[in-house]
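Colleague:
There are 2 protein chains.
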Amino acid sequence: MTSQEPLRTLPTSKCLYIKQQLIQGMRAKRFTDRLPSENQLAATFGVSRMTARKALVELETEGLVERIRGRGTYVKKSDPAMGYFVVQPSRRHAETLDVAYSTRVLELRSLEKPPPMVAKRMAYSGMTILARRLHCFDGKPVRYEIRHLRGDLCGSILFEDLETVSIHELLVDRLDLPLTRVWQRITAETLDARTAAVLEVPVGRPAFHILRTTYTHDTPVTCVEYFIRGELAFEDSFAPGRTGPPPGLGFGH
Amino acid sequence: MTSQEPLRTLPTSKCLYIKQQLIQGMRAKRFTDRLPSENQLAATFGVSRMTARKALVELETEGLVERIRGRGTYVKKSDPAMGYFVVQPSRRHAETLDVAYSTRVLELRSLEKPPPMVAKRMAYSGMTILARRLHCFDGKPVRYEIRHLRGDLCGSILFEDLETVSIHELLVDRLDLPLTRVWQRITAETLDARTAAVLEVPVGRPAFHILRTTYTHDTPVTCVEYFIRGELAFEDSFAPGRTGPPPGLGFGH
DNA sequence: CAGTGGTCTAGACCACGTC
DNA sequence: ACGTGGTCTAGACCACTGC
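These protein sequences, in sequence, are chains A and B.
Per our numbering, the very first residue in the first sequence carries number 1; after that it's consecutive.
Per our numbering, the very first residue in the second sequence carries number 1001; after that it's consecutive.
1) ALA1233/B CB to nearest chain A CB: under 8 Å?
2) Might you give, ordered along the chain, the residues of its own chain that have their beta carbon closer than 7 Å to the beta carbon of VAL1201/B, omitting 5 neighbours on each side?
3) Below 7 Å on C-beta distance, what does ARG1027/B contact in chain A?
4) What separation, rounded to the nearest whole angstrom, lies between the Cα atoms of GLY1137/B and ARG212/A?
5) Mind checking if TYR84/A is an interface residue toward chain B, Cβ cutoff 8 Å exclusive?
6) Would you say ILE157/A reaches chain B, if we count a Cβ-Cβ gap shorter than 8 Å as a contact?
7) What number of angstroms, rounded off, separates the C-alpha of ALA193/A from the C-alpha of GLY204/A?
8) Which stretch, first to last residue, makes up the beta strand (DSSP E) that contains GLN88/A?
9) Would you give the residue range spanned by the alpha helix (DSSP H) that GLU1038/B belongs to?
10) Taking the alpha-carbon of HIS1217/B as reference, which of GLY1025/B, GLN1184/B, ALA1233/B, THR1180/B has the nearest alpha-carbon?
11) With respect to the alpha helix (DSSP H) encompassing LEU59/A, which residues constitute its N-terminal and C-terminal limits?
12) What residues in the stretch 184-202 of chain A bring their beta carbon closer than 7 Å to a beta carbon of chain B?
13) Three or more beta-carbon pairs under 8 Å between the stretch 1054-1063 of chain B and the stretch 1142-1155 of chain B, yes or no?
14) Just checking: is the beta-carbon of PRO206/A within a distance shorter than 8 Å of some beta-carbon in chain B?
15) Using only the heavy atoms of the ligand ZN, determine whether one of them is closer than 7 Å to the beta carbon of HIS93/A.
16) I'd like to know whether the C-beta of GLY230/A is nearer than 8 Å to at least one C-beta of chain B.
17) Could you have a look at TYR226/A and say whether DSSP puts it in helix, strand or coil?
18) Check the DSSP bridge columns for GLU1189/B and list the partner residues they point to.
19) Does the beta-carbon of ALA1131/B have 16 or more other beta-carbons within 10 angstroms, so that it is buried, or is it exposed?
20) Tell me whether GLU1038/B is buried or exposed, calling it buried when 16 or more other Cβ atoms sit within 10 Å of its Cβ.
21) Flag this pair as yes or no: are the beta carbons of TYR226/A and GLU145/A separated by less than 8 Å?
22) Rounded to whole angstroms, what is the Cα-Cα separation between ASP1161/B and ARG1109/B?
23) How many angstroms separate the CA atom of GLU169/A from the CA atom of SER90/A?
24) If you drop the 5 nearest sequence neighbours on each side, which residues of the same chain put their C-beta closer than 8 Å to that of ALA188/A?
25) Taking the Cβ atom as the reference point for each residue, do TYR1084/B and VAL142/A lie within a distance shorter than 8 Å?
26) List the endpoints of the continuous alpha helix (DSSP H) containing LYS254/A.
27) Look at the Cβ atom of GLU1235/B, then the Cβ atom of ARG185/A, and state whether they are nearer than 8 Å.
28) Give the single residue among VAL1172/B, ARG1092/B, GLN1020/B whose Cα lies nearest to the Cα of ILE1041/B.
29) What's the C-alpha gap between LEU1111/B and ASP1173/B?
30) In angstroms with no decimal places, state the Cα-to-Cα distance between ALA43/A and PRO36/A.
31) Closest by CA to GLY1139/B, which one among ARG1147/B, THR1214/B, PRO1115/B, ARG1104/B?
32) Expressed to the nearest angstrom, what Euclidean distance is found between the alpha-carbon atoms of GLN24/A and ARG67/A?
33) For VAL99/A, collect the residues of the same chain with a Cβ closer than 6 Å to its Cβ; drop the 5 residues on either side in sequence, then sort them by chain order.
34) State yes or no: is the C-beta of PRO1114/B within less than 8 Å of the C-beta of SER1125/B?
35) Would you mind sorting GLY46/A into buried or exposed? The rule is 16 or more other CB atoms within 10 Å of its CB.
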């Protein structure tokens, strides 16, 4: 019963074979701290150093191992049982769900000064643009968006039709403001009267509340706040071990 | 204003330099669909094919590019403005927050048959083990866990002290049941009387509700249900472009 | 100092798509 | 047949860590 894992698919490549051996070794606790070095692997498996190296590097990018220059390769204590939830742009959610997507612009105007909390999060208190939108699936509101943008960088957005174009594309493609960093937080909340009315649900219903600040080169460009109906589940399925990018995923029911 | 991105740090390595040039090229729309091939890059930059290749491969693992054998390397339309939230095991949350962590076992016993919904999710209706635990930060309940495990695979768990050891470690290390796949769903809900009482909050308070099924080799091993107080924010900060693994992250307030 | 990982080279053969 | 990416080799030099 000990670690007879189904790595039985015959090794299609030497690199893969080495990886599998190392993974089995870690599972079987043959390697508990340090893994063989590149040269050792190359010798014992009879391959070139570059091949042995590739196996180790891939294990590192998969999060199973940590490599420290001058010291060696060490097994990383996995904190698995962990998971992540992907938040997709509304338009993609709709595609995944195969429902009709539409956006309504509730408000679009410039502000002399942003609200204090926004000013703090953007570290900026000059002119800003406020955009409030409602994202609907099959005509029913599911996501309420309240967005502030730096007026000095995004002024032209005032003249765009935000019901048909993506704000993100405007920023990246037209305004040359690539996203370089994102900060965000999600909480579960109950909706107050005003917000519930916008989403057309009874007061007190649960919702996800997301705050997000997006940066271009450490300059905050836009702050957005979402209220998403709580029944709309974020659903994910993935293989742990931090293998590669988070899979793009669905909104389930 | 055109794509004078701060990639001005002088190229510490040839590979990095090539990557930067390619990224600039994509930003500046010089490459809108196809990127130069490995051989072309090697020739124009005067490096070996392996070096040019490394640059392209890294761009692929960073999610910026797609490589198709026999065809070429293509820029991937990013669907950014996307994000993901990491759900950590309770113990790590507490460490991140630097608060005292404790677990109380509310119930631990075997069931003749699992509840119908669990039976369906596990595709199994034999004997199961039910474990209910309450995870506390600084003595205050924050996460309520209801877990079902396959009795035939995890029987020995009945004799473990689940207030001190991690169920995940038991499965992986002692029972040789590695996690190979996870399915999960999160919703925002309001707490009913029973659940609110367990978490010691008023009825109707918002909470995250997570359902998770964990597999070993396509065999469902355990189903877990969490209720997490809604004020406990999941907070993340990351660079988009799907660079590498999701960063482990905090619980913020 | 010896050993580690990080980078790079100039070849090679293969599997796959396109024409 | 040709070009693409995927794999691999047998060297090389470097930067860093440990003793």
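Note that the Cβ used here is the ideal one computed from N, Cα and C, for glycine as well.
Modeller: Short version:
1) Chain A contact via Cβ: present.
2) Answer for VAL1201/B: LEU1191, ARG1229, listed in chain order.
3) The answer, in chain order, is PRO178.
4) Correcting the residue type first, residue 1137/B is Phe in the shown sequence and not Gly. Going by C-alpha positions, PHE1137/B is about 26 Å away from ARG212/A.
5) Output row for TYR84/A: interface = yes.
6) Answer no: the Cβ-Cβ gap between ILE157/A and chain B never drops below 8 Å.
7) If you take the alpha carbons of ALA193/A and GLY204/A, they lie about 8 Å apart.
8) Looking at the DSSP string, GLN88/A is not in any beta strand (DSSP E), and its letter there is neither H nor E.
9) Its alpha helix (DSSP H) spans residues 1038-1045.
10) If we check each option's Cα against that of HIS1217/B, THR1180/B comes out closest.
11) Counting along the chain, the alpha helix (DSSP H) containing LEU59/A begins and ends at 49-61.
12) Answer set for the stretch 184-202 of chain A: GLN184, ARG185, ILE186, THR187, ALA188, GLU189, THR190.
13) Short answer: they don't touch.
14) At least one chain B Cβ lies under 8 Å of PRO206/A.
15) This structure lacks the ligand ZN; in fact it carries no ligand of any kind.
16) Closer than 8 Å to some Cβ of chain B, the Cβ of GLY230/A qualifies, so yes.
17) Secondary structure at TYR226/A: strand, using DSSP grouped into helix, strand and coil.
18) Under DSSP, GLU1189/B forms a beta bridge with ALA1207/B.
19) Of the other Cβ atoms in all chains shown, 16 or more fall within 10 Å of the Cβ of ALA1131/B; this residue is therefore buried.
20) Buried.
21) Cβ distance < 8 Å, so TYR226/A and GLU145/A count as in contact.
22) Answer to the nearest angstrom: the Cα atoms are 13 Å apart.
23) Whole-angstrom Cα-Cα distance: 14 Å.
24) Closer than 8 Å at Cβ, skipping near neighbours: PRO206, ALA207, PHE208, HIS209, GLY230.
25) Taking 8 Å as the Cβ cut-off, TYR1084/B and VAL142/A do not qualify as a contacting pair.
26) Coverage of chain A is limited to positions 1 through 253, which leaves residue 254/A absent and any answer about it impossible.
27) With contacts defined as CB atoms closer than 8 Å, GLU1235/B and ARG185/A qualify as a contacting pair.
28) As written in the sequence, residue 1041/B is Leu, which differs from the Ile given in the question. For the residues VAL1172/B, ARG1092/B, GLN1020/B, the minimum Cα distance to LEU1041/B belongs to GLN1020/B.
29) Spanning the two alpha carbons is a distance of roughly 24 Å.
30) The alpha-carbon atoms of ALA43/A and PRO36/A are separated by roughly 10 Å.
31) For GLY1139/B, the closest C-alpha among the options ARG1147/B, THR1214/B, PRO1115/B, ARG1104/B is that of ARG1104/B.
32) Taking the straight line from one Cα to the other gives about 19 Å.
33) Contacts found: PHE137, ASP138.
34) A distance below 8 Å separates the beta carbons of PRO1114/B and SER1125/B.
35) Burial call: exposed.
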